[in-house]
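Counting the sequence shown from 1 gives a position; my numbering is that position plus 62.
In this text, a Cβ means the ideal position worked out from N, Cα and C, and glycines have one as well.
These numbers come from a predicted model, not from an experiment.
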Amino acid sequence: MQRSWLELRIVSRRVEAEDVVALVLASPTGGDLPPFSAGAHIDVEATPQLVRQYSLCNNPHHRGHYEIAVLRDPASRGGSIAMHDGFREGDLIRVSEPRNHFALQPVKSEALLVAGGIGVTPLLCMAERLGSLGAPFVMHYCTRTPERTAFRGRIAKAAFADRVVFHHDDGPAEQRFDPMALFAGAARDADAYVCGPPAFIDWVQAAAGDAGFPKDRLHREYFAATAAEDEGGETPFQLRIASTGETIDVGARESAAAALARHGIEIPVSCEQGVCGTCVTRVIAGEPDHRDMLMIDTNEEFTPCCSRALSPVLVLDL
Ligand code: FES
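Okay, structure coming up:
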């Protein structure tokens, strides 16, 4: 999957909440940008060496701009800090065309949107879309404090404001988010969408499971992958290139993408954490060991940046 890049101008940069800036991007020559659907993200070149993924949070109906929100994360690998400190109004930056691995399902029943912190961004976009469709939904938005709650003002003015319930970790116990209660009372054909830090998603997912909410109706988007469980090395496996028959060994401490690159086969990669989908490659035979956050549940594709193999050999459609 080759990325197409756009050069866009930062037409607005504003502080949205403590440690969060919102950036509005538009074409330097005006006109519409490539369309996107609710839940989509773009890759942003934070520096020439650092590409990071950000969900689009504006209404997909508005074709003239993209809006993203960036949380300053001192624990990150530097992308958010580079953007906070280096990106100014008027700058030209490179971003990819939007892609969507977290799309809204066809509306059958109520949608449950559950946001943890900056994970609100794709869900805000979904709320806009569901609101414009007149579809029933509720959004639970969890943050540490009101001051760390991005888009409070926008939500307060939105037509769907009464569907949003705020929860703050530092607030009184009675307003804290209770995922068990939400899922226990949900319609069986509801779809739930959860985005936030991995620990938040795992907590919500566990509560949904305990409440008997169907697993396949809970859709998740992690905005950062959990650390690889690679401390002691992994089981080596082999890749076979279908077009040439070449066999490539993948060592215990390298990724499939790195092994391919060693043999001159360059797979485009971006996040290298199984988040963005840039590297997704077709598999013809063998059983992948999916380590990505994209919820790939087929043996017909895998993410060579982070996924491995359960079978000794994976035959790739390359
Ligand atoms: Fe992002 Fe593989 S590079 S999923």
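Discussion item. Within 10 Å of its beta-carbon, does GLN267 have 16 or more other beta-carbons around it, so buried, or fewer, so exposed?
Written reply: Classification for GLN267: buried.
Practice prompt. Evaluate the contact criterion for the region 368-375 versus the region 305-320: three or more CB pairs, one atom per stretch, below 8 angstroms.
Written response: yes
Worksheet entry | Test item: CB-CB of ALA304 and VAL375 under 7 angstroms | For ALA304 and VAL375, no; Cβs fall outside 7 angstroms.
Fill in: Contact the region 229-249 vs the region 137-153: 3+ CB pairs below 8 angstroms
no
Worksheet item: For GLN111, is the classification buried or exposed, using 16 other Cβ atoms within 10 angstroms of its Cβ as the cut-off for buried?
Response: exposed
Worksheet item: Quick one: Cα of VAL77 to Cα of VAL342, how far?
Response: 35 angstroms
Fill in: alpha helix (DSSP H) segment containing GLN267, residue limits
260-272
Discussion item. Report the start-end ranges of each beta strand (DSSP E) in the region 150-214 that is 3 residues or longer and not cut off at the edges.
Written reply: Within the region 150-214, the complete beta strand (DSSP E) runs of at least 3 residues are 154-158, 173-178 and 199-205.
Worksheet entry | Status (buried if at least 16 other CB within 10 Å, exposed otherwise) for ARG324 | exposed
Worksheet item: Which of the three DSSP states, helix, strand or coil, is assigned to PHE228?
Response: strand
Discussion item. Quick check on PRO122: buried or exposed, where buried means 16 or more other Cβ atoms within 10 Å of its Cβ?
Written reply: buried
Fill in: the region 242-255 in contact with the region 264-279 per 3-pair CB rule at 8 angstroms
yes
Fill in: Start and end residues, alpha helix (DSSP H) containing ARG324
318-324
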